[in-house]
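Participant:
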Amino acid sequence: MGRGKVELKRIENPTSRQVTFSKRRNGLLKKAYELSVLCDAQVALLIFSPSGKAYQFSSHDMDGTLARYRTDVGLPQSNHPHSRAL
């Protein structure tokens with residue numbers, strides 16, 4: 543028998559919220575990795591914590607994947623000084 547559904551609402555206790563964020567972040571990063579390996583998919587994942595810290599996973603070059611995304615959806619390429627030309 544499976545687990546019951548969890549009611550989705552903000553966790554009020556800051557410590558519990560941080561622990562849950564860390565566990566779910568790690569689980570999401572693992573799932574992104576597994577998807578890239580099992581399906582040979584090009585995967586890029588960005589996560590920003592409530593405190594503003596960035597976490598990322600990319601199965602290929604992150605800049606290249608983001609450039610491909612921008613091209614595919616018709617967004618202009620970034621003029622950010624740290625971005626690389628493809």
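Here the sequence shown is numbered in the numbering used here, starting from 543 and rising by one per residue. Using N, Cα and C, we set each Cβ at its ideal position, and we do this for glycine too. All figures in this text were calculated on a predicted structure; none of them were measured in a lab.
So what does DSSP say about alanine 583, is it helix, strand or coil?
Facilitator: Position 41 of the sequence shown holds residue 583. In this structure, alanine 583 counts as coil in the three-state DSSP scheme.
Participant: Verify the CB distance criterion: does leucine 570 have a CB-CB separation below 8 Å to chain C?
Facilitator: Any reference to chain C falls outside this structure, which holds one protein chain only.
Participant: Return the residue from the list Gly594, Lys572 and Val548 that minimises the CA-CA distance to leucine 587.
Facilitator: Within the sequence shown, numbered from 1, the residue matching residue 587 stands at position 45. Comparing Cα-Cα distances from leucine 587 to each of Gly594, Lys572 and Val548, the minimum goes to Lys572.
Participant: Compute the Euclidean distance between the alpha carbons of tyrosine 597 and isoleucine 589, then round it to the nearest angstrom.
Facilitator: Indexing the sequence shown from 1 puts residue 597 at position 55. Indexing the sequence shown from 1 puts residue 589 at position 47. Looking at the two C-alpha atoms, the distance is approximately 5 Å.
Participant: In the DSSP assignment, what residue or residues form a beta bridge with phenylalanine 590?
Facilitator: Locating residue 590 in the sequence shown gives position 48, where the first residue counts as 1. Under DSSP, the beta-bridge partners assigned to phenylalanine 590 are Ala596.
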